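Trainee:
Number of protein chains: 2
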Amino acid sequence: MRQSSADSTHSPVFSPCTEREAIYFAEEMGLMFEKVGFPRMAGRIFGWLLISDPPQQTSQDLAHILQASKGSISSMTRLLIQIGLIERTSIPGERRDYFQIRPNAWTQLAEQRLAQIATFRRLAERGLDLLSDAPPTLKQRLQEMHDVHAFWEQELPQLNQRWEREWQGRPGRA
Amino acid sequence: MRQSSADSTHSPVFSPCTEREAIYFAEEMGLMFEKVGFPRMAGRIFGWLLISDPPQQTSQDLAHILQASKGSISSMTRLLIQIGLIERTSIPGERRDYFQIRPNAWTQLAEQRLAQIATFRRLAERGLDLLSDAPPTLKQRLQEMHDVHAFWEQELPQLNQRWEREWQGRPGRA
DNA sequence: CTGTCAGTTCAGTCATTACTGAACATATAA
DNA sequence: TTATATGTTCAGTAATGACTGAACTGACAG
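Structure representation (structure tokens):
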């Protein structure tokens, strides 16, 4: 049984046994997403799309395999698209849409993280404003907070660029 | 009024006006903590300790300024200590304990983050196990996930070391 | 020892929010 | 056009977990 509701004419990639493990994999991705501040269902969808065959899955596929309502699939896929982790594709003459992992999904997550770092840096600046008349010893804590975030803000984009270069020179890119 | 319950013999660092802003600052830190997956109250405490005068504050100070119960102060300070963001100090002959920001608090947070990255890398490996018999095109998604996390696992510690070196050579360290 | 203060623990409450399911919107096929 | 399949929206529910407050523990002071 193929993991798409459309047909059942292909050979399986997961045996019935490992399909359980696949769902468990998606579940753990859900838990990780929760730990990082996203809804669990978003993580489940993302996790399933990482291992599904084919990589493109419909809302129905997702709802069925993850035992979730159409509604939550709809809103969670919207969220995942919005933060750049998955993309929606459709085929002319077919009614339904497909979702799949976006290449560079993890770089997108890194961008998110970078935005948070910038927020922390700005927060530190606001704190320093509040302490503008205070002696330096009191400012130290915020100064360290500010400087380390400014450091990351400068260095992480460079790191990501290095990654993109390394990854570009790979065989078999999509 | 000093921001410690012990005495009121010192000159204020915050005017009554900016004290409101200080509390607001702590509140925003709370929101950021929530966004990163920690309890809001933990963020409030951390935020307040970043700007409080003196930097050492008692449970009572925190409970009073943040309008929180002793209970939640107790459990949230425990959490913050456990993840390495604050430390508890006490003075011989004094009954109560003081809390203060730990130097390198943000490096600790980065460690946490690194642990998450390792978890993601391991998850990718588990996914690849599930797809061990699948064609390479199906594995690509997980391979990218794995490789980028392995990359970060290698590079981020080096980045943090560079930061420590830069930061060591500063004037006025604690 | 007794009284008081600081801190912890934990059962219960409250608020938040993920999630469901039904109604609705849209598009295609017949 | 009508019928059917797909996707969205949103009010309501359920479950999670942060937070409170009271009871408890332990320690120092008298």
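Top to bottom, those sequences are chains A and B. Oh and the first sequence: position 104 is 104 in the numbering used here, straight run, nothing missing. Count along the second sequence starting at 1, add 1000, and that's the number in the numbering used here. Built from N, CA and C at the ideal position, the CB exists for glycine as well. The model shown is predicted, which means the values in this text are computed figures rather than measured ones.
(1) Which term fits Gln-1154 (chain B), buried or exposed, when burial requires 16 or more other beta carbons within 10 angstroms of its beta carbon?
(2) My assumption, with CB atoms under 8 Å, is that His-1146 (chain B) sits in contact with Glu-1125 (chain B). Please give the rounded CB distance.
(3) Who are the neighbours of Pro-55 (chain A) on chain B, taking C-beta pairs under 9 Å?
(4) Thinking just about the alpha-carbon of each residue, which of B:Gly-1084, B:His-1149, B:Gly-1093 is nearest to the one in Leu-1114 (chain B)?
(5) Please report whether the beta-carbon of Ile-51 (chain A) lies at a distance below 8 Å from any beta-carbon of chain B.
(6) Any beta carbon of chain A sitting closer than 8 Å to that of Leu-1062 (chain B)?
(7) Since Ile-1101 (chain B) meets chain A, which of its residues come closer than 7 Å, beta carbon to beta carbon?
(8) Kindly indicate which three-state DSSP category Glu-87 (chain A) falls into: helix, strand or coil?
(9) My understanding is that Thr-107 (chain A) touches Tyr-98 (chain A), with C-beta atoms under 8 Å, so please give their C-beta distance in whole angstroms.
(10) What are the boundary residues of the alpha helix (DSSP H) that Gln-1056 (chain B) is part of?
(11) Taking 8 Å as the cut-off, does the stretch 1068-1088 of chain B touch the stretch 1118-1136 of chain B (at least 3 CB pairs, one atom from each stretch)?
(12) Quick one: does Ala-1134 (chain B) have its CB under 8 Å from some CB of chain A?
(13) Starting from Asp-97 (chain A) and walking both ways along the alpha helix (DSSP H), at which residues does that stretch end?
(14) Determine the extent of the alpha helix (DSSP H) in which Glu-94 (chain A) is found, giving its start and end residues.
(15) Helix, strand or coil: which one does DSSP assign to Phe-1151 (chain B)?
(16) Suppose the cutoff is 6 Å on Cβ atoms and the five residues either side in sequence are ignored; what does the same chain contact list for Asp-1007 (chain B) look like?
(17) Secondary structure at Asp-129 (chain A), three-state DSSP: helix, strand or coil?
(18) Are the C-beta atoms of Gly-1037 (chain B) and some chain A residue less than 8 Å apart?
(19) Is it right to say Gly-47 (chain A) is buried, meaning 16 or more other beta carbons lie within 10 angstroms of its own, or is it exposed?
(20) What's the gap between the Cα of Arg-141 (chain A) and the Cα of Pro-1103 (chain B)?
(21) Scan the stretch 103-119 of chain A for residues whose Cβ lies nearer than 9 Å to a Cβ of chain B and list them as they occur along the chain.
(22) Pick out whichever of B:Ile-1051, B:Ser-1072, B:Leu-1085 has its Cα sitting closest to the Cα of Arg-1060 (chain B).
(23) Can you check which of these residues, A:Leu-128, A:Ala-110, A:Gln-168, is closest to Trp-152 (chain A) by C-alpha distance?
(24) So Ile-1083 (chain B) packs on Leu-1062 (chain B), CB below 8 Å; how close in whole Å?
(25) If you draw a straight line from the C-alpha of Leu-159 (chain A) to the C-alpha of Trp-167 (chain A), how long is it?
(26) Nearest chain A C-beta to Thr-1018 (chain B) closer than 8 Å, yes or no?
(27) With a CB to CB cut of under 7 Å and the five nearest residues on each side skipped, what residues in its chain are close to Met-32 (chain A)?
(28) Are any of the Cβ atoms in chain B nearer than 8 Å to that of Ala-125 (chain A)?
(29) Using the beta-carbon of each residue, which ones in chain B are nearer than 8 Å to Glu-153 (chain A)?
Mentor: In this structure, then:
(1) Taking the first residue of the second sequence as position 1, residue 1154 (chain B) is located at position 154. Gln-1154 (chain B) comes out exposed.
(2) Against the second sequence, residue 1146 (chain B) aligns to sequence position 146. Against the second sequence, residue 1125 (chain B) aligns to sequence position 125. Yes, they are in contact, since the Cβ atoms of His-1146 (chain B) and Glu-1125 (chain B) sit about 6 Å apart, within 8 Å.
(3) Taking the first residue of the first sequence as 1, we reach residue 55 (chain A) at position 55. Within 9 Å Cβ-Cβ: Thr-1137, Leu-1138, Gln-1140, Arg-1141.
(4) Along the second sequence, read from residue 1 onward, the residue named residue 1114 (chain B) stands at position 114. Cα-wise, what sits closest to Leu-1114 (chain B) is B:His-1149.
(5) Locating residue 51 (chain A) in the first sequence gives position 51, counting from the first residue. Output row for Ile-51 (chain A): interface = yes.
(6) Residue mapping note: residue 1062 (chain B) aligns to position 62 of the second sequence, counting from 1. No - not a single Cβ of chain A is within 8 Å of the one on Leu-1062 (chain B).
(7) Taking the first residue of the second sequence as position 1, residue 1101 (chain B) is located at position 101. Within chain A, the residues near Ile-1101 (chain B) are Arg-141.
(8) In the first sequence, residue 87 (chain A) corresponds to position 87, counting from 1. In the three-state reduction of the DSSP assignment, Glu-87 (chain A) falls in the strand class.
(9) By 1-based counting over the first sequence, the position of residue 107 (chain A) is 107. By 1-based counting over the first sequence, the position of residue 98 (chain A) is 98. Not quite, the Cβ-Cβ distance comes to about 22 Å (not below 8 Å), so this is no contact.
(10) Here residue 1056 (chain B) refers to the residue found at position 56 when the second sequence is read from its first residue. From DSSP, Gln-1056 (chain B) is part of no alpha helix (DSSP H); its letter is neither H nor E.
(11) Cβ pair count under 8 Å is below three, so no.
(12) Against the second sequence, residue 1134 (chain B) aligns to sequence position 134. Taking Cβ atoms only, chain A reaches closer than 8 Å to Ala-1134 (chain B), which makes this a yes.
(13) Here residue 97 (chain A) refers to the residue found at position 97 of the first sequence. Counting along the chain, no alpha helix (DSSP H) covers Asp-97 (chain A); the unbroken beta strand (DSSP E) around it starts and ends at 97-101.
(14) Counting from one through the first sequence, the residue named residue 94 (chain A) turns up at place 94. Counting along the chain, Glu-94 (chain A) falls outside any alpha helix (DSSP H), and DSSP gives it neither H nor E.
(15) As a working note, residue 1151 (chain B) is residue 151 in the second sequence. Phe-1151 (chain B) falls in the helix class under three-state DSSP.
(16) As a working mapping, residue 1007 (chain B) is identified with position 7 in the second sequence. Confidence at Asp-1007 (chain B) is low in this model, with a pLDDT of 41, below 50, so the placement of that residue should be treated as unreliable; the coordinate-derived value is given next. Contacts found: none.
(17) For this step, residue 129 (chain A) is matched to residue 129 along the first sequence. In this structure, Asp-129 (chain A) counts as helix in the three-state DSSP scheme.
(18) Counting from 1 along the second sequence, the entry for residue 1037 (chain B) is found at position 37. Yes, Gly-1037 (chain B) counts as interfacial toward chain A.
(19) For the purposes of this step, residue 47 (chain A) is taken as residue 47 along the first sequence, with counting starting at 1. With 16 or more Cβ atoms within 10 Å of its Cβ, Gly-47 (chain A) is classed as buried.
(20) Stepping through the first sequence from its first residue, residue 141 (chain A) is reached at position 141. Stepping through the second sequence from its first residue, residue 1103 (chain B) is reached at position 103. The straight-line gap from Cα to Cα measures roughly 8 Å.
(21) Pro-103, Asn-104, Ala-105, Trp-106, Thr-107, Ala-110, Arg-113, Gln-116, Thr-119
(22) Counting from 1 along the second sequence, the entry for residue 1060 (chain B) is found at position 60. Here the sequence assigns Gln to residue 1060 (chain B), which means Arg is not the residue at that position. Ranking the options by Cα distance to Gln-1060 (chain B), first place goes to B:Ser-1072.
(23) For the purposes of this step, residue 152 (chain A) is identified with residue 152 of the first sequence, where counting begins at 1. The option with the nearest alpha carbon to Trp-152 (chain A) is A:Ala-110.
(24) Along the second sequence, one-based indexing puts residue 1083 (chain B) at 83. Along the second sequence, one-based indexing puts residue 1062 (chain B) at 62. With 8 Å as the limit, Ile-1083 (chain B) and Leu-1062 (chain B) do not qualify as a contact, their Cβ atoms being about 17 Å apart.
(25) Position 159 of the first sequence holds residue 159 (chain A). Position 167 of the first sequence holds residue 167 (chain A). Their Cα atoms are separated by approximately 12 Å.
(26) Position 18 of the second sequence, counting from 1, holds the residue named residue 1018 (chain B). Judged by the 8 Å Cβ criterion, Thr-1018 (chain B) is in contact with chain A.
(27) Taking the first sequence and counting its residues from 1, the one referred to as residue 32 (chain A) is at position 32. Same-chain partners within the cutoff: Gly-43.
(28) Taking the first residue of the first sequence as 1, we reach residue 125 (chain A) at position 125. Position check: residue 125 (chain A) holds Glu in this sequence, whereas Ala was assumed. Answer no: the Cβ-Cβ gap between Glu-125 (chain A) and chain B never drops below 8 Å.
(29) In the first sequence, counting from the first residue as 1, residue 153 (chain A) sits at position 153. Within chain B, no residue comes near Glu-153 (chain A); the closest Cβ sits about 12 Å away, beyond 8 Å.
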